[in-house]
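K.L.:
Protein chains: 2
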Amino acid sequence: MNTVMPHWLTKRAYLSPEQVAIETHEGEVLTFLQLQEKSKSFARKLASVGVRSGENVGIFSGNEPQMIIAIHALSYLGCTCVLLNMRLTETELSYQIKDSNMSYLLASDSEYKKVTEMNVPVEVLSFSMIKTKQEKEVSLVTEISLDDPFTIVYTSGTTGNPKGVVHTYGNHWWSAISSALNLGLSQNDKWLTVLPMFHVGGFSICMRSIIYGISMYVMEKFDVAEVNEAIFSKNITIASVVTVMLQQLTDNLQDQAYPETFRCMLLGGGPVPKPLLETCAERNIPVFQSYGLTETSSQIVTLSPRDALKKLGSAGKPLFPGQLKIHQPDEDGVGEILVKGPMVTKGYLHNEQANTESFQNGWLATGDLGYVDEEGFLYVVERRTDLIISGGENVYPSEIESVLSGCVHVKDIGVIGKKDDKWGEIPVAFIVPSTKNVLKEEILKYAEKHLARYKVPKEIKFVQELPRTASNKLMRRELVKMLS
Amino acid sequence: MNTVMPHWLTKRAYLSPEQVAIETHEGEVLTFLQLQEKSKSFARKLASVGVRSGENVGIFSGNEPQMIIAIHALSYLGCTCVLLNMRLTETELSYQIKDSNMSYLLASDSEYKKVTEMNVPVEVLSFSMIKTKQEKEVSLVTEISLDDPFTIVYTSGTTGNPKGVVHTYGNHWWSAISSALNLGLSQNDKWLTVLPMFHVGGFSICMRSIIYGISMYVMEKFDVAEVNEAIFSKNITIASVVTVMLQQLTDNLQDQAYPETFRCMLLGGGPVPKPLLETCAERNIPVFQSYGLTETSSQIVTLSPRDALKKLGSAGKPLFPGQLKIHQPDEDGVGEILVKGPMVTKGYLHNEQANTESFQNGWLATGDLGYVDEEGFLYVVERRTDLIISGGENVYPSEIESVLSGCVHVKDIGVIGKKDDKWGEIPVAFIVPSTKNVLKEEILKYAEKHLARYKVPKEIKFVQELPRTASNKLMRRELVKMLS
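Chains as they are written, first to last, in this note's numbering: chain C, 1 to 484; chain S, 485 to 968.
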């Protein structure tokens, strides 16, 4: 049965009109009633610009209330939001714009100039430009079908172009409900949102806010002192961060402990080293490590603080409606991690090949390797072949290789991750230059033009040749040895 | 999309093996792991008796852990549980047994003798008889489809025979989730279960327990002193009761206030009078009044304590995924209450007529009358035509009239409810006797044989004739005047 329910924001504004929906670090406050009114008004202005039901519309914005208003407005119009990573280059952005066939791109005021300078193949409108429009009388969505698409977020794979992950309302709903069944739910919760909302990790907080009726505390940038200050003085009860941020937050704490009311540090971006976990225990920071993908609409496997030290390195157990199995485990029990559940995307945007490769009988093949211990705890042994997680962002060596192969100075290239104190990992490129007198700067300049900054190799090492198999396959493990 | 998830009890036992699932007033304790093991074992024993997947199986039991085990066992076998009201007479019980085409009736040990003496048209097995059997190796359900039926509960209507309300797993799931979104969710919750689990009000606690991973505190009978004692000494955080029980609980309290940890008194069975609400406020009892039907799998509209005095007499607002509208309101805004949402049954068991009458475009016509104020709060003006709610049980005048019309001493009959300090309401029968010398006792004897005790008129008033319209329709409002 297709499940239908009232439009989430309309319903939440009706149930909790005076409750604070959004509070920004700069002091702006919006109740659910205000958020609803602004979103409906913005929807009518979008309609007068020409946005129509059923269209895909891009959003290019940092964390700010108007981004959330734009998302709900598009939902009211029956559009799907394509959430764009602000760090993308012109080439990357143009690909996603074309692939998603978006009708408009909505940019935050601060990003508008940058986007228009990039000369992208779609009409770009700033939030302010839309706000000046007259409202057009259109009928807004009153009921949501959980099977309808809500967002598209692009994710890179080990091969080929980035794929558009389509999230239905149901995916986001089930993600929110699954998380609540694990973390509990209180009307007094206030969720710190410093992860970018163009990723599912940040976006999912926006969903939880209206589904649970709780406040989100929105920060545009991760500033370690300001985040700690907010946690101490703003009644934050939950925060979502990645491991590299948690390390900085504890370093910044000195001898202080987090307030008693802070009940959950939800963590993405890989397992936490034991010393950091111990520090968190001392500082009253309950750490919930998790495993998730864009395809699972945020966490699908979570480790509670009470199991953290006992199950060091584990990502935990799948959330209540989720399932997990290991495909073709080897003698050590390690195999590909498959996941299933109503929070898992039904597929990639018009990409039959990727869908056929990744989905079977409702199970998604994650590409990650792992095993499950006798008590049912998941250990992720290796993220998707050679995935580099740098400051919480996924970086695919194959994508960097593919792009830099297009540079005239590069004859051959292999990329791997290198451990880094600040970012967790950084990408390092081994390059066979096309001529002897190539300068690293020339290649970096090319990289900066075509790759988002976090994907640009932080180190370039010139080599005579790359370790390849007889069938010419790159042996990344050999590159790792060459690092040390 | 049909939503699939792991079997709830299996998943809960995997996530929270050591957590207490059931605690009885007599001191018995079962963890989720133990509950799972006992339920699976009982399922295999049921299989060896001959219970097969796809069958409807009756349960006739008071609140006790073995009843819950039997329910989960039937779920593991892929059977549907027909939950039988223990107060039914032979006639009523036999009707539900035949109508549901059940293969077996499972009776608690204490009820077994009573049931077998009733000579019902199905094989009756006591819990103990089944426990002596060998386990049979059968494959148990590992995944639940939310569209599959889980329970059948009979409800009487204004006309005709009782109807079997079919609840899917999804109905119970959404009911539990909707309630959590309203009441919040904490792993420390312990939910007092004194309402009978053969009604959805009690049964829904059993569902919330495994879905949330919280304890239920099971009491077989409502004893006012014992319930208060449990709330004071057993860390109860939530209790479900009906209005008549709440009145007794507060009367019994004298000057005490409930402990701080007690966070919710969830109330069915009609609105609460102001003096009782005020007493509850003084005694630290947060009262959540609610409106629901068997068809809505428990509450669908709920009033929070903060609105209780401001919105006296209101049942509140529909839960997050639920919707509500008033059909053909009159000039005062009063009309039939229609409800919609994923917790609403898809229909009555093989009863096309009732389904056609009650459902339209996903909306259920409740038969109850009400209006919605300008802030969206529901006021129930009149429960389904002339419904009498006596001690939390629904009593339909039409059913009593229909049964007693079969008594030779009754020439004509009209039944209405009368306010009662103890029960809220009691049924009163106005009877035109067939001859002058009929004794009330003779009619009562007939009534006791054919009607559950709570349906037997508490008063009989002999009259010369009944107030009827020209078209011979009974004017119940005229009977009400004759009461005073």
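Every residue gets a Cβ at the ideal spot worked out from N, C-alpha and C, and that includes glycine.
So, is the C-beta of I211 (chain C) closer than 9 Å to a C-beta in chain S?
P.N.:
At a cut-off of 9 Å between beta carbons, I211 (chain C) contacts chain S.
K.L.:
Within 10 angstroms of the Cβ of G54 (chain C), are there 16 or more other Cβ atoms? Answer buried if so, exposed if not.
P.N.:
exposed
K.L.:
Can you list the residues of chain S that Y14 (chain C) reaches, using a CB-CB cut of under 8 Å?
P.N.:
K801, G860
K.L.:
Please tell me whether S126 (chain C) and E64 (chain C) are closer than 9 Å, where the distance is taken between their beta carbons.
P.N.:
no
K.L.:
CB-CB under 7 Å to P770 (chain S), same chain, minus the five flanking residues each way: which ones, in chain order?
P.N.:
R747, C748, M749, P789
K.L.:
If contacts are defined as beta-carbon pairs under 8 Å, then G202 (chain C) and L192 (chain C) qualify, I think. What distance do you get, rounded to the angstrom?
P.N.:
So it is not a contact: roughly 10 Å between Cβ atoms.
K.L.:
Measure from the alpha carbon of Q289 (chain C) to the alpha carbon of each residue in C:L439, C:L378, C:R283, C:A447, then state which is nearest.
P.N.:
C:L378
K.L.:
If we count the other Cβ atoms within 10 Å of its Cβ and call it buried at 16 or more, is T296 (chain C) buried or exposed?
P.N.:
It is buried - the Cβ of T296 (chain C) has at least 16 other Cβ atoms within 10 Å.
K.L.:
May I ask you to report which of helix, strand or coil DSSP gives C690 (chain S)?
P.N.:
The answer is helix: DSSP assigns C690 (chain S) an H, G or I state.
K.L.:
Name, please, each residue of chain S whose Cβ falls closer than 7 Å to the Cβ of P522 (chain C).
P.N.:
What is shown of chain C runs 1 to 484, which leaves residue 522 (chain C) out entirely.
K.L.:
Cα-Cα, which of C:L369, C:E465, C:V124, C:P271 is closest to Q328 (chain C)?
P.N.:
C:L369
K.L.:
Out of C:V4, C:Q36, C:I416, C:R468, point me to the one whose CA is closest to I210 (chain C)'s CA.
P.N.:
C:Q36
K.L.:
What's the gap between the Cα of K113 (chain C) and the Cα of Q256 (chain C)?
P.N.:
Roughly 42 Å separates the two Cα atoms.
K.L.:
If you measure between the beta carbons of I400 (chain C) and K317 (chain C), is that distance less than 9 Å?
P.N.:
no
K.L.:
Contact between the stretch 46-53 of chain C and the stretch 82-89 of chain C is defined here as three or more beta-carbon pairs at a separation below 8 Å; is this criterion met?
P.N.:
no
K.L.:
Please list, in chain order, the chain C residues whose beta carbon lies closer than 8 Å to that of A505 (chain S).
P.N.:
What A505 (chain S) touches in chain C: nothing, since even the nearest Cβ is about 15 Å away.
K.L.:
Take M602 (chain S) as the anchor and find which of S:R937, S:K933, S:E949, S:L967 has the nearest alpha-carbon.
P.N.:
S:K933
K.L.:
Does the beta-carbon of P911 (chain S) have 16 or more other beta-carbons within 10 angstroms, so that it is buried, or is it exposed?
P.N.:
buried
K.L.:
Flag this pair as touching only if the stretch 615-627 of chain S and the stretch 512-530 of chain S have three or more C-beta atom pairs under 8 Å; answer yes or no.
P.N.:
yes
K.L.:
Less than 9 Å separating the beta-carbons of S215 (chain C) and A21 (chain C)?
P.N.:
In this structure, A21 (chain C) lies closer than 9 Å to S215 (chain C) by Cβ.
K.L.:
Just verifying my parser: in three-state terms, what is the DSSP assignment at D368 (chain C)?
P.N.:
Here D368 (chain C) carries a strand assignment [DSSP, helix/strand/coil].
K.L.:
Using 8 Å for Cβ pairs, my map puts A429 (chain C) next to P457 (chain C). What's the rounded Cβ distance?
P.N.:
4 Å
K.L.:
So which residues on chain S does Q187 (chain C) lean against when the C-beta distance must stay under 9 Å?
P.N.:
G668
K.L.:
If we cut at 9 Å on Cβ distances, does T970 (chain S) have a partner in chain C?
P.N.:
No statement about residue 970 (chain S) is possible, as the shown extent of chain S runs from 485 to 968 and does not include it.
K.L.:
Starting from the C-beta of F706 (chain S), find all residues in its chain whose C-beta is less than 7 Å away, skip the five residues before and the five after it, and write them out in chain order.
P.N.:
V678, M729
K.L.:
Indicate whether at least one CB of chain C lies closer than 9 Å to the CB of G901 (chain S).
P.N.:
No, no contact with chain C.
K.L.:
Under DSSP, the beta strand (DSSP E) around Y775 (chain S) begins and ends at which residues?
P.N.:
771-777
K.L.:
Between K495 (chain S) and chain C, is there a C-beta pair that is closer than 9 Å?
P.N.:
yes
K.L.:
Any beta carbon from chain S within less than 9 Å of K455 (chain C)'s own beta carbon?
P.N.:
Contact with chain S is absent for K455 (chain C), since none of that chain's Cβ atoms lies less than 9 Å from the residue's Cβ.
K.L.:
Just the Cα atoms here: how many angstroms apart are K445 (chain C) and L293 (chain C)?
P.N.:
31 Å
K.L.:
Give, in chain order, every residue of the stretch 833-859 of chain S whose Cβ lies closer than 9 Å to some Cβ of chain C.
P.N.:
G846, E859
K.L.:
Please state whether DSSP places W423 (chain C) in a helix, a strand or coil.
P.N.:
coil
K.L.:
How is F232 (chain C) classed by DSSP in three states: helix, strand or coil?
P.N.:
helix
K.L.:
Between S578 (chain S) and the rest of its own chain, which residues show a CB-CB distance below 7 Å, the 5 nearest in sequence each way excluded?
P.N.:
V604, P605
K.L.:
Counting pairs of beta carbons, one from the stretch 389-403 of chain C and one from the stretch 418-427 of chain C, are three or more of them closer than 8 Å?
P.N.:
yes
K.L.:
Reducing DSSP to helix, strand and coil, say where N540 (chain S) ends up.
P.N.:
strand
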